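In this note's numbering, the protein residues as written are 136 to 273. Note that beta-carbon positions come from the ideal geometry of N, C-alpha and C, so glycine has one too. Being a predicted model, the structure only gives us computed values, none of them experimental. Report on one structure; see the data block that follows.
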């Protein structure tokens, strides 16, 4: 349970997030690689915000070039450490969630599609990760 005051929007957000995971598991699955997990968590986080209006703190950490480079390098890794990427590791706290949220925000910039969101594959989102890395180049 969160260690902060929970309100109705946060409960609605949590339910939406987990229901989205369930729908993906019935379609493309959660993901067998870091990229799959980043995409699944990012879209679920995007969906929870869309449904509830609540912005989860793990969606908006300040990303660095190093974080995005590490995700790019490890995208296809199926032995990644989930806790390090999604909770707290050497790159910081909630990195995987925030990268995934940024990818989902780009993916659905024009319009969110629930049907597409439960079927999109990590390989189809890889270019958005590359574009995110490009945003650090001046």
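First and last residue of the uninterrupted alpha helix (DSSP H) at residue i
| i | result |
| --- | --- |
| residue 176 | 169-187 |
| residue 225 | Where residue 225 is concerned, there is no enclosing alpha helix (DSSP H), given that its DSSP letter is neither H nor E. |
| residue 145 | 143-160 |
| residue 252 | 249-252 |
| residue 216 | Run containing residue 216: none; DSSP gives neither H nor E here. |
| residue 257 | 257-269 |
Whether residue i touches residue j by CB criterion (9 angstroms)
| i | j | result |
| --- | --- | --- |
| residue 174 | residue 239 | yes |
| residue 145 | residue 189 | yes |
| residue 159 | residue 187 | no |
| residue 271 | residue 185 | no |
| residue 237 | residue 198 | yes |
| residue 165 | residue 156 | yes |
| residue 183 | residue 149 | yes |
| residue 215 | residue 180 | no |
Coarse secondary structure for residue i, derived from DSSP in three states
| i | result |
| --- | --- |
| residue 197 | coil |
| residue 231 | helix |
| residue 192 | helix |
Given residue i as reference, the closest of the options once Cα atoms are compared
| i | options | result |
| --- | --- | --- |
| residue 260 | 189, 172, 155, 148 | 172 |
| residue 195 | 206, 157, 234, 167 | 234 |
| residue 211 | 143, 191, 264 | 264 |
| residue 262 | 142, 191, 143, 206 | 206 |
heavy atom of the ligand SAH below 8 angstroms from residue i C-beta
| i | result |
| --- | --- |
| residue 207 | As for the ligand SAH, it is missing from this structure, which has no ligand bound. |
Separation of residue j from residue i, as counted between CA atoms
| i | j | result |
| --- | --- | --- |
| residue 193 | residue 167 | 22 angstroms |
| residue 154 | residue 269 | 32 angstroms |
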